[in-house]
Amino acid sequence: MTVNMTKVGRRGLLFSFDELNKAPYYCTTNVFILMGHKRYYVCDTYLGAYYMTPILTYLESHYGKKDYVIFNSHSHWDHIWGNSLFHNHLIVSHEKCRAFIQLEGEEEMKAHADSYAKEQVEIVLPNVTFSHSMVFEDDEVEFFYSPGHSEDSSSCYDRQEKILFVGDNVEAPLPSLSWHDMEQYILTLQHYLEMDAKHIVISHGPVINRSLIRDNIAYLCNLKRHNKLTFSDNDIMQKHHDNLNFLNHGN
Ligand SMILES: [Zn+2]
Numbered sequence: 001m002t003v004n005m006t007k008v009g010r011r012g013l014l015f016s017f018d019e020l021n022k023a024p025y026y027c028t029t030n031v032f033i034l035m036g037h038k039r040y041y042v043c044d045t046y047l048g049a050y051y052m053t054p055i056l057t058y059l060e061s062h063y064g065k066k067d068y069v070i071f072n073s074h075s076h077w078d079h080i081w082g083n084s085l086f087h088n089h090l091i092v093s094h095e096k097c098r099a100f101i102q103l104e105g106e107e108e109m110k111a112h113a114d115s116y117a118k119e120q121v122e123i124v125l126p127n128v129t130f131s132h133s134m135v136f137e138d139d140e141v142e143f144f145y146s147p148g149h150s151e152d153s154s155s156c157y158d159r160q161e162k163i164l165f166v167g168d169n170v171e172a173p174l175p176s177l178s179w180h181d182m183e184q185y186i187l188t189l190q191h192y193l194e195m196d197a198k199h200i201v202i203s204h205g206p207v208i209n210r211s212l213i214r215d216n217i218a219y220l221c222n223l224k225r226h227n228k229l230t231f232s233d234n235d236i237m238q239k240h241h242d243n244l245n246f247l248n249h250g251n
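What follows is the structure in structure tokens.
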């Protein structure tokens, strides 16, 4: 396991893992921590307790013991397997995310556990859900519904430090589709641009700036208009084909 840690603003810690940084995904995957006064807010739980435990050890040895609030940005397997470590804590998600994990969590686990799990994965559902948003007022931390990459995607906003965590909704170089509603996806990304975020954290890759959001919007607009696109880079072309395949056939 190689994990990189980057400080984001005054109270954000981005832990970046590389287990998915090979075929067919070729991306790092992040767990993002906001260190509130009262609690640690853990955005996504990656591939299980094995990977999350060193993060907890680090937090508690450097910043002391606090309660944990876990946030699942969406239901996909690479974001939720570490929930099992936190079954006695608040695990927050959008109501659709919980429903999707309930529906597909076991199946996705069976499909990917052999390749990516370090221990027996237990699917643990969120125990608190919201439909629009919820706010931990004392820590100025907000979770809000932001469908796009998937229908169940939501985001986290640190109102104090103006740090926005967008999960899989923004990706470099192209967004990755697992939902058909591109109009709503574009609205979500436009909403991000209207927020006063100073730091923008994504799930797969380093901290980004707004221009990537604008590029992702431009790409989605092209897809929506059925414009023919070509990319000189083979990997990018492949990603574009994956998106077209999803739109044409869904899976
Ligand atoms: Zn995803």
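Just so we're aligned: 149 in the UniProt record's numbering is position 149 of the sequence shown, and the numbers increase by one with no gaps anywhere.
Ideal Cβ placement from N, Cα and C applies to all residues, glycine included.
Since this is a predicted model, take the numbers as computed values, not measurements.
| Item | Value |
| --- | --- |
| If we count the other Cβ atoms within 10 Å of its Cβ and call it buried at 16 or more, is Leu34 buried or exposed? | buried |
| Around the C-beta of Pro206, are 16 or more other C-beta atoms found within 10 angstroms, so that it is buried, or is it exposed? | exposed |
| So with Cβ pairs under 8 angstroms, would you call Asp44 a contact of chain D? | No chain D is part of this structure, which consists of one protein chain only. |
| State the CB to CB distance for the pair Tyr68 and Tyr51, rounded to an integer number of angstroms; the pair is presumed to be in contact (CB under 8 angstroms). | The Cβ separation is near 15 angstroms, so there is no contact. |
| How close, in whole Å, do the beta carbons of Ile213 and Leu189 come, if the pair is a contact with beta carbons under 8 angstroms? | 5 angstroms |
| I'd like to confirm the pairing. Which residues does DSSP put opposite Arg39 in its beta bridges? | Asp67 |
| Between which residues of its own chain and Gly148 is the CB-CB distance below 6 angstroms, once the five residues before and five after are set aside? | Asn169, Tyr185 and Thr188 |
| Using the three-state DSSP reduction, which class does Leu220 fall into: helix, strand or coil? | helix |
| Among Gly36, Asp44 and Lys38, whose alpha-carbon lies nearest the alpha-carbon of Thr29? | Asp44 |
| Anyone know if the C-beta pair for Phe32 and Phe165 falls short of 8 angstroms? | yes |
| Count the other CB atoms within 10 Å of the CB of Glu60; is the residue buried (16 or more) or exposed (fewer)? | exposed |
| Should Lys22 be labelled buried (16 or more other beta-carbon atoms within 10 Å of its own) or exposed? | exposed |
| Please name the residue in Glu106, Glu122 and Cys97 whose C-alpha comes closest to that of His87. | Glu122 |
| Does the segment 69-84 touch the segment 99-106, meaning 3 or more C-beta pairs lie closer than 8 angstroms? | yes |
| Can you check which of these residues, Leu56, Lys65 and Ile236, is closest to Ser176 by C-alpha distance? | Ile236 |
| Residues around ligand 1, please: the condition is that the C-beta lies closer than 5 angstroms to some non-hydrogen atom of it. | His76 and Asp168 |
| Applying the 10 Å Cβ sphere with the 16-neighbour rule, what's the burial state of Met109? | buried |
| Taking the C-alpha atoms as reference points, what is the distance between Arg159 and His199? | 11 angstroms |
| Quick one: measure Cβ to Cβ for Ser178 and Gly167, integer angstroms, because I've assumed they're closer than 8 angstroms. | In fact, because the Cβ distance is near 12 angstroms, the residues do not count as touching under 8 angstroms. |
| Is the separation between the beta-carbon of Ser203 and that of His79 shorter than 8 angstroms? | yes |
| How would you call Leu193, buried or exposed, if buried means at least 16 neighbouring beta carbons within 10 angstroms? | exposed |
| Only counting runs of 3 or more residues, tell me where the beta strand (DSSP E) segments fall wholly within the segment 84-114, in order along the chain. | 90-94 |
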